[in-house]
Amino acid sequence: MPRPHPHPARSPKPRPASGATPPKTATATGADTPAPATDGEAGGSQEAWDDGLIARRVTGSAAALAAERASAGEQPHRAPGAHVPVPLAYDGPLRSRLNALRELVGLSRTRLDSRTLAEAGRVLDEAAARRKLSGRHTVVALAGATGSGKSQLFNSLAGVAISETGVRRPTTAAPIACSWSDGAASLIDRLGIPGRLRRRPMHSPDNEGQLRGLVLIDLPDHDSAAVQHREQVDRILKLVDAVIWVVDPEKYADAMLHERYLRPMAGHAEVMFIVLNQVDRLPGDAADQVLDDLRRLLDEDGIALGEHGEPGATVLALSALTGEGIGDLREALGEFVAERGAAARRVAADLDAAAAGLRPMYATRRRAGLTEEAREEFAARLADAVGATAAGEAAERAWLRNANRACGTPWLRLWRWYQGRGEATTGRHAVRTQADEEATARQRVEQAVRTVADRASAGLPAPWAQAVREAAVRGSQGLPEALDALSARAGLPPGRPPRPGWWPVAVLVQAAMTLLQIVGGGWLAGQIAGLMSPNLGVPVLLMVCGIVGGPLVEWGCRMAARGPARRYGQEAERRLREAAAGCGRARVLDPVAAELLRYREVREQYGRVARSRAGVV
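Numbering (our numbering), first residue to last: 1324 to 1940.
Structural data, given as structure tokens:
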């Protein structure tokens, strides 16, 4: 389609607004003589407003009217507090989300790298900076591609040719600000726009009343060949409260616009206007067709459209050249600015975007944590590593040996003592076996730590899973040595095992059986030697009772000792298991549980950040 040549903008005759900075007056020589002026905006730039093109359009009658007022001593009326900007105030839900994000970043600094948290930190900084500035102003950026006509639309909204238009590309080399009311200097300072690029719109009671509080920024082309222009666009788009995207019938489907800007900013739909400009170039109902196709593309980008009273982006068709649709845009902008909620909605949208970016770092579909089964399995593995079962069996055998020594026949005990004398060894085999057992125990401990770490970190996001595993590894250092010391202390108690109450009776009975054998044997010996009268029955009976009764007493004591010995061994095994579990809990499970608790805390804070939306009071 042929591109129409833009006609020169008309030069209206503005009147100085009440409370506005007096404009410069043009001298006969064409030099601009600035009149005394004050910025009048708290916290604003030290540079005064440079009215530039507007000043050169002041007619002689307007200048004469200003001179007449000055000669009469008439001071322009200023409303009380008109130049004191009211700071922005966030409502409770939004403040809660910001506080949660601040807590989230603080808890995550030692677990996530700075690049991951950079966007969240930027959102917090910008939210804090915006809150300190005027809440009665709304900063709206005009963004668009080369030739989309955004500068012409900027001039149409201002009512005067402020931004330069033409066929030379790129035309807009630096952002230009236009404010419809005082008190916005600090907001414009935040954008880094110097005083020479700040303008005021044409004085019109209807225009100023409708758009009061609007600060409009004309941005360079986002597809400009100059890199610095694109950098300025990207920087300012992160700082403004809302954006008007200006597209034309030729580039409305441009991939760069949709992939680099619209799609990533889909969550900011409530603070976006999409304006189809240059509809005067489209014949018949082609404008409606292009507008429908634009809505389709926006829907594919995930941008909610504000239709049927639902929140979302506003889509309009207009012509900045002919003025068609400009009134609709001005009306929509007026309602948007009058709500004074764009800044808070922008912060809420930034929070949503930051939360979406951080979701892989915190969200998981599985329930994370150490189950009771995993804890018990870890304790059982440590108990096996220290040989709790073997220690219990050893304690049981020791109890039985003590019972046999106490209740056994003297002759059997003497035989066992004799056999034990010849079993001395060099100790080489025992040393080698002990070293092998220690190596095996160390491997079991390491395997137990790896298993519990894997189970505890299962399902966690990568940074937190890594933190859990590192905590387990740190705790496992020195664990085998600690378990060895525990097994030495908590295994077999020092001294002999305790004796039950029936042992003394059994010992006396065994002593009586031995005494019967001695008496019977001595009696027989005396008869053989002729020292005593022959009587075989009684001494033989005594010896038989002693010989048979001794083993029977020993066997009965052994049977009776099995129960106490088993309980003694189980108690020794329990003590060692509890000691090993306590050591593993203090060194491994507690640090792992601390990491899991930190993750639950940050996940709770993340849920507060990502759950609700907020507004402004």
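In this text, a Cβ means the ideal position worked out from N, Cα and C, and glycines have one as well.
query	result
Helix, strand or coil, according to DSSP, for Leu1534 in the structure here?	coil
Identify which residue in Gln1850, Leu1865, Arg1773, Gly1715 has its Cα closest to the Cα of Val1842.	Leu1865
For Gly1657, collect the residues of the same chain with a Cβ closer than 6 Å to its Cβ; drop the 5 residues on either side in sequence, then sort them by chain order.	Gln1533, Leu1534
Who pairs with Asp1608 in a beta bridge, going by DSSP?	Note: Asp1608 sits in no beta bridge, so no partner.
Between the beta-carbon of Gly1536 and the beta-carbon of His1460, is there less than 8 Å?	yes
Do Ala1672 and Val1594 have their C-beta atoms within less than 8 Å of each other?	yes
Taking Ala1702 as part of the alpha helix (DSSP H), name the residues at either end of that continuous run.	1695–1709
By Cβ distance below 6 Å, which residues in the same chain neighbour Ala1702 in space, the five residues on each side in sequence not counted?	Ala1904
Are the stretch 1768–1782 and the stretch 1705–1712 in contact at 8 Å, needing three or more beta carbon pairs?	yes
Exposed or buried, what is Thr1361 when buried is set at 16 or more other beta-carbons lying within 10 Å of its beta-carbon?	Any reading at Thr1361 must be qualified, since the residue scores a pLDDT of 33, below 50, and its modelled position is unreliable; no value is offered.
Which residue from Trp1722, Arg1765, Arg1618 puts its Cα closest to that of Ser1799?	Arg1765
Is there contact here, the stretch 1512–1527 with the stretch 1648–1656, by at least three beta-carbon pairs under 8 Å?	no
Starting from the Cα of Leu1809, find the closest Cα among Ala1667, Ala1884, Cys1906, Leu1783 and give me that residue.	Cys1906
With H, G and I counted as helix, E and B as strand and the rest as coil, what does DSSP make of Val1570?	strand
Can you tell me whether Ile1851 is buried or exposed? The criterion is at least 16 other CB atoms within 10 Å of its CB, across all chains shown.	exposed
How long is the line joining the alpha carbons of Ile1567 and Ala1697, rounded to whole angstroms?	56 Å
Might you give, ordered along the chain, the residues of its own chain that have their beta carbon closer than 7 Å to the beta carbon of Ser1431, omitting 5 neighbours on each side?	Leu1440, Val1925
Give the C-beta separation of Val1538 and Val1462 to the nearest angstrom, bearing in mind that I take them to be a contact with Cβ-Cβ under 8 Å.	5 Å
Residue ranges of each beta strand (DSSP E) run of no fewer than 3 residues wholly in the stretch 1415–1473, ordered along the chain?	1461–1467
Determine, using beta-carbon pairs with one atom in the stretch 1882–1894 and one in the stretch 1854–1870, whether at least three such pairs fall under 8 Å.	no
Can you find at least 3 beta carbon pairs, one from the stretch 1495–1505 and one from the stretch 1541–1551, that sit closer than 8 Å?	yes
So for Ser1502, helix, strand or coil by DSSP?	strand
Within 10 angstroms of the Cβ of His1631, are there 16 or more other Cβ atoms? Answer buried if so, exposed if not.	exposed
Can you tell me which of the three DSSP states Met1855 falls into?	coil
Find the nearest neighbour of Leu1674 within the set Arg1910, Asp1436, Val1446, Ala1661, judged by alpha-carbon distance.	Val1446
Sorted by chain position, which residues of the same chain lie with C-beta nearer than 7 Å to Val1832's C-beta, five sequence neighbours on each side aside?	Val1876
Under 8 Å, do Ala1676 and Gly1472 count as touching if we go by C-beta distance?	no
By Cβ distance, which residues of its chain are closer than 7 Å to Val1660, with the 5 residues on each side in sequence left out?	Thr1461, Leu1534, Gly1536, Leu1537
Can you round the beta-carbon distance between Leu1421 and Ala1443 to whole angstroms, since I take them to be within the 8 Å contact cut?	About 11 Å; that fails the 8 Å criterion.
Have a look at Glu1647, Glu1662, Ile1540 and flag the residue whose alpha-carbon is nearest the alpha-carbon of Val1556.	Ile1540
Restricting to runs no shorter than 3 residues, where is the beta strand (DSSP E) found entirely within the stretch 1621–1652?	1637–1640
Could you work out which residue in Leu1465, Arg1618, Ala1718 is closest to Arg1898 when comparing CA atoms only?	Ala1718
Considering Met1595, what are the terminal residues of the beta strand (DSSP E) in which it resides?	1595–1599
DSSP three-state call for Tyr1413: helix, strand or coil?	strand
Where does Arg1521 fall in DSSP's three states?	strand
Going straight from the alpha carbon of Arg1881 to that of Ala1781, what length do you get?	52 Å
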